[in-house]
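Chains as they are written, first to last, in our numbering: chain A, 22 to 134; chain B, 931 to 1040.
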């Protein structure tokens, strides 16, 4: 059963703390996306990678967010320091090939107090 | 600016009725995707439309694409309660990037 997995599923933290979210893409998928979903802004693309190389991170606040793909089975999204406005659901998705749909993970619900 | 506009954003309908959700996008694209999201859940891929005139059907849902009009539709036939969800369309931009619409929250009442 090929699925994108994400950890943690829920995270509550205090303002100023570092948050790390992890994603395991579907085996064989060469593209990984990070999205953020809020009621106000909807679904926003933060960054994406192809073959582990970052292609576009223009949607990400550079001063506090960073995304990496240390190997083909792991993508990470870090926020340091976290702020209450970062509270959202963060989705990872993976895909393969130009026209293929993206398969979404279950999401990480982040609450920053 | 790359934009996707869905219409309507909220839709409440009765079981057994038919309705259509519209998705307009702002730039040339030959790829259009529909996703479903249940409350508190992730996004599930429904349809991938890759050419002008493409039509795909799955159960009571049918999606179509008109690339010249930059319009896709998602038609619901004889709605049932289980179809209540938020539906997103997205168009393909560049190699693999997707631009998502705001979502249409569909509520189907018995």
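We put the CB at the ideal spot given by N, CA and C, even for glycine.
C-beta atoms of residue 28/A and residue 133/A nearer than 8 Å: no
The region 982-1001 of chain B touching the region 54-70 of chain A, judged by at least three CB pairs closer than 8 Å: no
CB contact check: residue 983/B to chain A, cutoff 8 Å: no
Residue range of the unbroken beta strand (DSSP E) whose run includes residue 25/A: Taken as a continuous stretch (DSSP letters only), residue 25/A belongs to no beta strand (DSSP E), as it is neither H nor E.
Residues, ordered as in the chain, of the region 960-980 of chain B that lie near chain A by beta-carbon distance below 7 Å: 961, 963, 972, 973, 975, 978 and 980
First through last residue of the beta strand (DSSP E) which encompasses residue 115/A: 109-116
The region 947-962 of chain B in contact with the region 1019-1035 of chain B per 3-pair CB rule at 8 Å: yes
Local conformation of residue 95/A per DSSP, three classes: strand
Selection of the region 35-59 of chain A by Cβ proximity to chain B, strictly under 7 Å: 52
Of the listed residues 959/B, 1014/B, 974/B and 964/B, nearest to residue 998/B (C-alpha basis): 959/B
Same chain, Cβ closer than 6 Å to residue 72/A, five either side skipped, listed in chain order: 51
Straight-line Cα distance separating residue 90/A from residue 1008/B: 45 Å
Minimum Cβ-Cβ distance from residue 80/A to chain B less than 8 Å: no
Distance, residue 103/A Cα to residue 112/A Cα: 17 Å
Residue-level contact to chain A via CB, residue 1033/B, 8 Å cutoff: yes
Under the three-state DSSP convention, the category residue 1012/B falls into: helix
Cutoff 7 Å; reference residue 1030/B; Cβ partners in own chain excluding five residues on either side: 934, 1018 and 1020
For residue 60/A and residue 1035/B, the rounded distance between their alpha carbons: 12 Å
For residue 957/B and residue 932/B, believed in contact at Cβ under 8 Å, the rounded distance: 6 Å
For residue 907/B, the residue or residues it bridges with in DSSP: In the structure as shown, chain B begins at 931 and stops at 1040. Residue 907/B is therefore absent and cannot be evaluated.
Any chain A beta carbon closer than 8 Å to residue 1018/B: yes
Cβ of residue 70/A within 8 Å of any chain B Cβ: no
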